[in-house]
Amino acid sequence: MQSVIAVIVVLSFTTIVEVLSMIDFVLLVPYIFVSPALLVLSIKKKTSASSNFNLPREKVVALIAFVFSTTLVVKFALDPTHIKAVAYGLAAITLGIPVYFASKKSRK
11 MQSVIAVIVV LSFTTIVEVL SMIDFVLLVP YIFVSPALLV LSIKKKTSAS SNFNLPREKV
71 VALIAFVFST TLVVKFALDP THIKAVAYGL AAITLGIPVY FASKKSRK
């Protein structure tokens, strides 16, 4: 099923640049959510004596990742040549949400 969806998405683009732009966009979006999560975890683990986090390094990496990924996503969104990639990328992410919850429910 995933390969069929991938083929449909690839065929809907006219150039390889559009395909790569969509892939870049889809891969950047999770970093926007993961980097603040790392920051929150590093702050919460600060009070724990058994922390495996190196706090200053974790915070710096989380902040740099968040700023970098947010900057690139905004660049994609504001560039009219990438609007199709942004639209398809957001659609792909949105369509993946029910699949995530279905797989999570089936594990229980």
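Those letters in the sequence shown? Residues 11 to 118, per my numbering, in order. The beta carbon of each residue, even a glycine, is placed where N, CA and C say it ideally should be.
CA-to-CA distance, residue j to residue i, given in whole angstroms
i: Tyr41; j: Ile26; result: 24 Å
i: Ala101; j: Ser13; result: 17 Å
i: Val17; j: Val29; result: 11 Å
i: Leu51; j: Lys85; result: 28 Å
i: Ile93; j: Ser113; result: 30 Å
i: Arg67; j: Leu21; result: 43 Å
i: Val39; j: Phe76; result: 10 Å
i: Ala97; j: Arg117; result: 31 Å
i: Asp34; j: Lys115; result: 29 Å
i: Leu37; j: Ala87; result: 14 Å
i: Leu105; j: Gly99; result: 10 Å
i: Ile53; j: Phe111; result: 28 Å
Continuous alpha helix (DSSP H) stretch holding residue i: start and end
i: Val104; result: Residue 104 is actually Thr in this sequence, not Val. That run of the alpha helix (DSSP H) goes Ile93 to Arg117.
i: Asp34; result: Ile26 to Lys54
Residue closest to residue i, alpha-carbon to alpha-carbon, out of the options
i: Phe78; options: Met32, Lys114, Phe43 and Ser116; result: Phe43
i: Leu71; options: Thr91, Val36, Thr81 and Leu49; result: A small fix is needed here, since residue 71 is Val in this sequence, not Leu. The residue with the shortest Cα to Cα distance from Val71 is Leu49.
i: Ser31; options: Phe111, Ser45, Ile107 and Leu82; result: Leu82
i: Ala47; options: Ala95, Ile33 and Leu73; result: Leu73
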